[in-house]
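I have placed the structure first, in the form of structure tokens, so that the comments after it can refer back to it.
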Amino acid sequence: MDQKQSCLFCKIINKEVPAKIVYEDERALAFHDINPQAPLHILVIPKAHYSALHDVPADKYAVITDLFNAVNNVVRENKCVENSYRLVVNSGPAAGQAVYHIHVHILSGRALKWPPG
Ligand code: AMP
Ligand code: ZN
Numbered sequence: 178m179d180q181k182q183s184c185l186f187c188k189i190i191n192k193e194v195p196a197k198i199v200y201e202d203e204r205a206l207a208f209h210d211i212n213p214q215a216p217l218h219i220l221v222i223p224k225a226h227y228s229a230l231h232d233v234p235a236d237k238y239a240v241i242t243d244l245f246n247a248v249n250n251v252v253r254e255n256k257c258v259e260n261s262y263r264l265v266v267n268s269g270p271a272a273g274q275a276v277y278h279i280h281v282h283i284l285s286g287r288a289l290k291w292p293p294g
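If you want the numbering used here, it's the 1-based position in the sequence shown plus 177.
Right under this line is the structure:
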């Protein structure tokens with residue numbers, strides 16, 4: 178089984194695993210995090226499978242612009258601009274990455290401390 182076939186977030190994209198989807202376009206998907214760390218905690222993922230941002234080759238950077246277009250749409254649609262928000266991309270085990278399919282966390286709805294833990 179290759180990485181993509183066993184990937185949880187690819188299964189959510191393919192609707193093989195249920196998720197509370199809040200946004201979908203041709204190239205990205207957003208859904209509520211199953212273990213929310215803030216009153217609003219949404220994950221935004223590209224439909225293309227890459228393990229991390231640094232794995233996206235230069236000729237595929239459209240994946241990143243399409244992803245951040247989706248992030249912006251979700252942010253605008255969920256009052257994040259009014260309420261303040263934080264984007265997080267955990268990369269690698271020491272940073273807490275658990276799912277190796279690029280995802281941007283959108284956290285909003287409470288005061289967020291800095292530096293993060
Ligand atoms: P990270 O630790 O940055 O890799 O983030 C992975 C995130 O995916 C965590 O915040 C998890 O709570 C979340 N997560 C894991 N499984 C699911 C799922 N089935 N549906 C929604 N979110 C999930
Ligand atoms: Zn995947």
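Using N, Cα and C, we set each Cβ at its ideal position, and we do this for glycine too.
Quiz prompt | ASP232 beta carbon less than 8 Å from that of ILE219 | solution = Position 42 of the sequence shown, counting from 1, holds the residue named residue 219. Position 55 of the sequence shown, counting from 1, holds the residue named residue 232. No.
Quiz prompt | Beta-carbon separation (whole angstroms), TYR262 vs ILE241, contact threshold 8 Å | solution = Position 85 of the sequence shown, counted from the first residue, corresponds to residue 262. Position 64 of the sequence shown, counted from the first residue, corresponds to residue 241. Contact flag wrong, Cβ pair sits at about 19 Å.
Practice problem: To the nearest angstrom, report how far apart ARG287 and GLY294 are at their CA atoms. | Solution: The residue labelled residue 287 in the question sits at position 110 within the sequence shown. The residue labelled residue 294 in the question sits at position 117 within the sequence shown. Rounded to whole angstroms, ARG287 to GLY294 spans 16 Å at the Cα level.
Quiz item: The alpha helix (DSSP H) spanning ARG253 covers which residue range?
Solution: Within the sequence shown, the letter at position 76 stands for residue 253. Start and end: 239 to 254.
Self-check item: Any heavy atom of the ligand ZN within less than 6 Å of residue CB: hits in chain order
Solution: LYS181, CYS184, PHE186, CYS187, HIS226 and HIS278
Quiz item: PRO234 by DSSP, collapsed to three states: which one?
Solution: Position 57 of the sequence shown, counting from 1, holds the residue named residue 234. Reduced to three states, the DSSP call for PRO234 is coil.
Self-check item: For VAL248 and LEU206, the rounded distance between their alpha carbons
Solution: Within the sequence shown, numbered from 1, the residue matching residue 206 stands at position 29. Within the sequence shown, numbered from 1, the residue matching residue 248 stands at position 71. About 9 Å.
Practice problem: Return the CA-CA distance between GLN182 and PRO195, expressed in angstroms with no decimal places. | Solution: The residue labelled residue 182 in the question sits at position 5 within the sequence shown. The residue labelled residue 195 in the question sits at position 18 within the sequence shown. Roughly 16 Å separates the two Cα atoms.
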